[in-house]
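K.L.:
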Amino acid sequence: MYLKSTIIIRILLLTIACLPVLQPAMAQKTSLDVQVLDEMMENRHEDPVRFYQHISNTTNTISMLVPVTVLATGLVRDDKITINKGLYMAESLVASTFITTGLKYTFKRPRPFTKDPYLVPASSAGSYSFPSGHTSEAFATATSLTMAYPKWYVAAPAYAWAATVGYSRMYLGVHYPTDVLAGAVVGAGSAWLMYKANKWLGRKKKAVGSSQ
Numbered sequence: 004m005y006l007k008s009t010i011i012i013r014i015l016l017l018t019i020a021c022l023p024v025l026q027p028a029m030a031q032k033t034s035l036d037v038q039v040l041d042e043m044m045e046n047r048h049e050d051p052v053r054f055y056q057h058i059s060n061t062t063n064t065i066s067m068l069v070p071v072t073v074l075a076t077g078l079v080r081d082d083k084i085t086i087n088k089g090l091y092m093a094e095s096l097v098a099s100t101f102i103t104t105g106l107k108y109t110f111k112r113p114r115p116f117t118k119d120p121y122l123v124p125a126s127s128a129g130s131y132s133f134p135s136g137h138t139s140e141a142f143a144t145a146t147s148l149t150m151a152y153p154k155w156y157v158a159a160p161a162y163a164w165a166a167t168v169g170y171s172r173m174y175l176g177v178h179y180p181t182d183v184l185a186g187a188v189v190g191a192g193s194a195w196l197m198y199k200a201n202k203w204l205g206r207k208k209k210a211v212g213s214s215q
């Protein structure tokens, strides 16, 4: 547990160390960001708004339900491998949330509708815009689930859902495209880093066990 906490802290510190390099480039929106949202707003309709709002609303529930379900299944079956997979997925979600929150309060990018009043949102939104927290959660969930169960019939629906979540945040007018792109990178990257961290810990424990 101590080693795992140390790895998570190192990942977060590495991300923070990179912020001074990234901030000048990412703190400002691009003209393409605004053009994409403007085009979506002009072609927005009531039925798709309801659909994408529903998809957006599923993010937190599904992101928590997936690791909890896997973990519960492992506990019921007394299956250590499945338990570890559930824990890995939960760790990926936590790492993604920490990194996303840190980036939001570092860049402090305003929401599209506060910076550009003519961009009318179709949904409410919370704190800062960059990166998209919903997208980060969705891609952390999709990536960790796929890495835990590397089958096409797992990856296809998982990433389809995650991509739809990202698109919904733009369609609803609460995130710029670059917010969504960054959220996808943070979410998928967090899952990948935690996967590598768990693999490394497994090798360390095995080496220690064999030396005793």
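Using my numbering, the letters of the sequence shown correspond one by one to residues 4 to 215.
We treat Cβ as the ideally placed atom computed from N, Cα and C, and that holds for glycine.
#1: Let's test the definition: count the other Cβ atoms within 10 Å of the Cβ of Ile84 and tell me whether it reaches 16, buried, or not, exposed.
#2: Our contact map puts Phe116 next to Asp182 with C-beta atoms below 8 Å; I'd like the distance itself, whole angstroms only.
#3: Do Gly190 and Ser130 have their beta-carbon atoms positioned less than 8 Å apart in this structure?
#4: What's the gap between the Cα of Pro180 and the Cα of Val71?
#5: Alpha helix (DSSP H) containing Ser135: first to last residue?
#6: Considering Cα atoms alone, identify which of Leu204, Arg114 and Met43 is closest to Ala128.
#7: Could you tell me if Ala143 is buried or exposed, where buried requires 16 or more neighbouring beta carbons within 10 angstroms of its beta carbon?
#8: Does Asn46 come out as helix, strand or coil in the three-state DSSP assignment?
#9: Do you know offhand how far Leu68's Cα is from Thr109's?
#10: Would Leu204 and Ser59 qualify as a contact pair, given that the criterion is a beta-carbon distance under 8 Å?
#11: Grouping DSSP H, G and I as helix and E and B as strand, with all else coil, what is Pro124?
#12: Starting from the C-beta of Ser193, find all residues in its chain whose C-beta is less than 7 Å away, skip the five residues before and the five after it, and write them out in chain order.
#13: So, under 8 Å CB-CB, Met44 and Val123 are touching, yes? Tell me the CB distance rounded to an integer number of Å.
#14: Output the distance between the C-alpha atoms of Lys199 and Val188, rounded to the nearest integer angstrom.
P.N.:
The relevant details are as follows:
#1: It counts as exposed.
#2: Their Cβ separation, rounded to whole angstroms, is 13 Å, which puts Phe116 and Asp182 out of contact at 8 Å.
#3: no
#4: 30 Å
#5: Note, Ser135: premise wrong, no alpha helix (DSSP H); not H, not E.
#6: Out of Leu204, Arg114 and Met43, Arg114 has the C-alpha closest to the C-alpha of Ala128.
#7: buried
#8: DSSP, read as helix, strand or coil, puts Asn46 in coil.
#9: 29 Å
#10: no
#11: coil
#12: Cβ neighbours of Ser193 beyond the five flanking positions: Ser95, Ala98, Ser99, Ile102 and Ala143.
#13: So it is a contact: roughly 6 Å between Cβ atoms.
#14: 16 Å
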